[in-house]
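Residues 3 to 424 in the numbering used here are what the sequence shown spells out, letter by letter.
Okay, structure first, notes after.
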Amino acid sequence: MRTPELIKQAYDLAKAQYADLGIDTEAAIKIMKAVNISLHCWQTDDVGGFETPDSTLSGGGIQATGNYPGKARNISEVKADLEKVMSLLPGKQRLNLHAIYGDFQGEKVDRNEIEPKHFQSWIDWCKTQEIGMDFNASCFSHPRAADGYTLSSKNEENRRFWVEHVKRCREISAETGKQLGSPCVHNTWIPDGSKDTPIDRNGYRELLKKSLDEAFETEYPKDYMKDAVESKLFGIGVESMTVGSHDFYLGYAIQNNTLICLDNGHFHPTEQVGDKISAVLQFVDEILLHLTRPIRWDSDHVVTLNEDIQLIASEVMRNNFLDRVNIGLDFFDASINRIGAYVTGTRAAQKAFLIAALEPKAKLIDLEEAGKNFERLALLEELKTMPFGAVWDYYCLLEKVPVGTDYIDEIQQYELEILSKR
Ligand code: RNT
Ligand code: ZN
3 MRTPELIKQA
13 YDLAKAQYAD
23 LGIDTEAAIK
33 IMKAVNISLH
43 CWQTDDVGGF
53 ETPDSTLSGG
63 GIQATGNYPG
73 KARNISEVKA
83 DLEKVMSLLP
93 GKQRLNLHAI
103 YGDFQGEKVD
113 RNEIEPKHFQ
123 SWIDWCKTQE
133 IGMDFNASCF
143 SHPRAADGYT
153 LSSKNEENRR
163 FWVEHVKRCR
173 EISAETGKQL
183 GSPCVHNTWI
193 PDGSKDTPID
203 RNGYRELLKK
213 SLDEAFETEY
223 PKDYMKDAVE
233 SKLFGIGVES
243 MTVGSHDFYL
253 GYAIQNNTLI
263 CLDNGHFHPT
273 EQVGDKISAV
283 LQFVDEILLH
293 LTRPIRWDSD
303 HVVTLNEDIQ
313 LIASEVMRNN
323 FLDRVNIGLD
333 FFDASINRIG
343 AYVTGTRAAQ
353 KAFLIAALEP
363 KAKLIDLEEA
373 GKNFERLALL
383 EELKTMPFGA
393 VWDYYCLLEK
403 VPVGTDYIDE
413 IQQYELEILS
423 KR
C-alpha cells in the first residue's frame, strides 16, 4: 500500500506537469464537488425490485445477464450495498430509485396505487446520508406490459393504468424533492415497440403523446421535481420500431420544456452522445445522462473509461454545463461481484470528469481557431499520457476513500463478510 506521502509526492510532480500546460489541478479537484452522480439502485439486484418477494425481471427490452451470488434481496440489503459503494467513492452522490423498489411492507400495491408513503423510508435514508434522490416510473416487468406496450397501448385500460402510474411517480418525486431540498429528476422510459414491421407507427406515437400529456398535466415546482423522457433505438424482441424514439422525445422535450435523457446505449453504434449534448442544450434547459457501456447492443455493461464516456464528460466540462446536466448511471452486470461492478463503473465515470476538468481548453481552442489542427491533434494525444492517475489518487486521498487498487480489497472483504452469506 502506498503511503500518503508517496501519493502526495506523485501528485506534486503531476501538478507541475499540468501547470506547464496552464492547468490548475487544485481547481480541477474543486470542480469535482459539483459532479454528483446519481447511483442507480438497480445494479444491486439486477432490476428486480421488491414488489413481491419473488420479483424478477421479465421482458421489456431490459436484460440483466449472469447469476453471480450476492444479489440484494430486500431494501435493507440494497441500502447496505449502497452505503458500501458510497464509502468507496470520492465526492457526493445521489440515489436513483425505480418505483418497483418501494417499501411495501409485504403488502401488494399495484403500480397505479403507489404513494409517497411507500417511499418515505427511502427519503429518510437519503436524509441520513445527506444526499438527493431521483426517481423512475417502472413501466416494465408487469402483466400489463406483457404485450410490449404501456403508455402507447391500444388497450385503453392498460394505457390508463400506466398513465396513472407515471402520475403517481411524479407526485412521489415532487414530495421527495420537497423533503430533501434538492430537485428530484423523474425519468420516464417505456419499452413500447414492435418486433416486426408495424403498420400503425403513427397511431402508437399519437397515443404516447396523449399519454404523456395526461401524465404530465400536474405541474410541480422545479425546485421539487423535473421531468425527463428517455428514448431508445431498439430492444431485444422490439427490433422493428420503438415508439419512443429519439426524434419523438426530442420533439416532446422541446415542446414541453422537459429534460431529455440521453442514454449512450440507445443510439446507433457510431453515433456519439458526447456530440449530442451541445446540440440538444441549444433547445432544452437541462438533460439527464444515463452512462453505460453498450457492447454490440444496449447491453448495459459496466462503464469503463472509454472514449465514449470521455467525450461526454469533456463536452460537459468544456462548456460549464454541470448545472444543466444531471448525471445518472445505467448499467447492470449480474455476472461479476455487483458491488465491485458498481464501484468500478462509477469511479470510471468520475475519472472521465476529472480528466475533462484537467483539459487545457484555452490552449486547444487557440490552436483550433488558428487552424493549427496538427497541433491540436498532437496535444490531444499527449494529454492521454499525462499523469492523470496521480491527480485522481490524490483526490481520493483528500476524500478519505481508498486510493488506486485499494478498493478491490475492500470489495473482496465485503464479499466475504456480507455478499457470500446471502
Ligand atoms: C432501458 C433504459 C432504462 C432502464 C432503467 C432500468 O433500456 O435504459 O433507463 O435501463 O430505467
Ligand atoms: Zn437508460
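Glycine is no exception: its CB is placed at the ideal position from the N, C-alpha and C atoms.
Compute the Euclidean distance between the alpha carbons of residue i and residue j, then round it to the nearest angstrom.
{"i": "valine 327", "j": "tyrosine 416", "result": "33 Å"}
{"i": "glutamine 312", "j": "phenylalanine 285", "result": "23 Å"}
{"i": "aspartate 249", "j": "proline 6", "result": "51 Å"}
{"i": "phenylalanine 106", "j": "histidine 120", "result": "6 Å"}
{"i": "aspartate 215", "j": "arginine 424", "result": "44 Å"}
{"i": "methionine 254", "j": "cysteine 263", "result": "Before going further, note that residue 254 is tyrosine rather than methionine in the sequence given. Those two C-alpha atoms are separated by around 12 Å."}
{"i": "tyrosine 251", "j": "isoleucine 367", "result": "33 Å"}
{"i": "aspartate 22", "j": "asparagine 375", "result": "21 Å"}
{"i": "alanine 139", "j": "tyrosine 409", "result": "33 Å"}
{"i": "alanine 358", "j": "serine 337", "result": "30 Å"}
{"i": "proline 193", "j": "valine 240", "result": "8 Å"}
{"i": "aspartate 310", "j": "lysine 129", "result": "34 Å"}
{"i": "tyrosine 344", "j": "leucine 91", "result": "10 Å"}
{"i": "phenylalanine 142", "j": "glycine 108", "result": "20 Å"}
{"i": "proline 223", "j": "alanine 372", "result": "46 Å"}
{"i": "histidine 42", "j": "glutamate 383", "result": "33 Å"}
{"i": "valine 275", "j": "lysine 211", "result": "24 Å"}
{"i": "lysine 180", "j": "methionine 227", "result": "8 Å"}
{"i": "lysine 17", "j": "phenylalanine 52", "result": "48 Å"}
Mapping the DSSP letters down to three states, classify residue i as helix, strand or coil.
{"i": "alanine 74", "result": "coil"}
{"i": "aspartate 136", "result": "strand"}
{"i": "glycine 239", "result": "coil"}
{"i": "lysine 386", "result": "coil"}
{"i": "valine 393", "result": "helix"}
{"i": "glutamate 115", "result": "helix"}
{"i": "tyrosine 416", "result": "helix"}
{"i": "alanine 359", "result": "helix"}
{"i": "glutamate 42", "result": "The residue asked about is misnamed: residue 42 is histidine in this sequence, not glutamate. Strand."}
{"i": "valine 231", "result": "strand"}
{"i": "threonine 67", "result": "coil"}
{"i": "glycine 61", "result": "Bear in mind that the predicted position of glycine 61 carries a pLDDT of just 49, short of 50, making it unreliable; the figure below should be weighed with that in mind. Residue state, collapsed to three classes: coil."}
{"i": "threonine 220", "result": "coil"}
Could you pull out every residue in the same chain whose Cβ sits closer than 6 Å to the Cβ of residue i, ignoring the five residues on either side in sequence?
{"i": "tyrosine 206", "result": "Ser154 and Val245"}
{"i": "glutamate 377", "result": "Leu369"}
{"i": "leucine 421", "result": "Gly72"}
{"i": "alanine 230", "result": "Val187, Asn189, Leu261, Cys263 and Leu290"}
Residues in its own chain within less than 7 Å of residue i by CB, not counting five upstream and five downstream?
{"i": "glycine 94", "result": "Position check: residue 94 holds lysine in this sequence, whereas glycine was assumed. Cβ neighbours of lysine 94 beyond the five flanking positions: Asn38 and Ile133."}
{"i": "glutamine 19", "result": "Met388 and Pro389"}
{"i": "threonine 178", "result": "Phe121, Ile125, Met135, Phe137 and Cys186"}
{"i": "arginine 203", "result": "Met243"}
{"i": "tryptophan 44", "result": "His100 and Phe334"}
{"i": "proline 118", "result": "Glu173, Ile174 and Glu177"}
{"i": "valine 282", "result": "Leu252, Ile262 and Ile289"}
{"i": "tryptophan 127", "result": "Lys81"}
Identify, in the order they occur along the chain, each residue of the same chain with its Cβ nearer than 8 Å to the Cβ of residue i, setting aside the five sequence neighbours on each side.
{"i": "isoleucine 116", "result": "Ala101, Gly104, His167, Arg170, Cys171 and Ile174"}
{"i": "histidine 303", "result": "Thr294, Arg295, Pro296, Ile297, Phe333 and Asp335"}
**Q.** Cβ contact check for the region 72–84 and the region 347–361: 3 or more pairs under 8 Å
**A.** no
Q) Three or more C-beta pairs closer than 8 Å, one from the region 282–299 and one from the region 327–336: is that the case here? A) A contact exists between the region 282–299 and the region 327–336.
Q: Determine contact between the region 177–188 and the region 233–240, defined as no fewer than three beta-carbon pairs at a distance below 8 Å.
A: In this structure the region 177–188 does not touch the region 233–240; the number of beta carbon pairs closer than 8 Å is below three.
**Q.** Runs of beta strand (DSSP E) lying entirely within the region 149–214, each at least 3 residues, in chain order
**A.** 186–190
Q: Give a yes or no on contact between the region 402–409 and the region 25–32, applying the rule of three or more CB pairs nearer than 8 Å.
A: Too few Cβ pairs lie closer than 8 Å, so no.
Q | Environment of ligand 3 in chain order, Cβ to heavy atom below 5 Å | A | Questions concerning ligand 3 fall outside what the structure shown contains, since the ligands it does hold are ligand 1 and ligand 2.
Q: Report the residue ranges of all beta strand (DSSP E) runs contained in full by the region 258–307; include only those spanning at least 3 residues, in chain order.
A: 261–265, 289–293, 295–297 and 299–303
Q: Could I get the ranges of all uninterrupted beta strand (DSSP E) runs contained in the region 82–115, with 3 residues as the minimum, in chain order?
A: 96–100
Q: Could you name each continuous alpha helix (DSSP H) segment of 4 residues or more that falls completely within the region 309–372, going from the start of the chain to the end?
A: 309–320, 340–359 and 363–371
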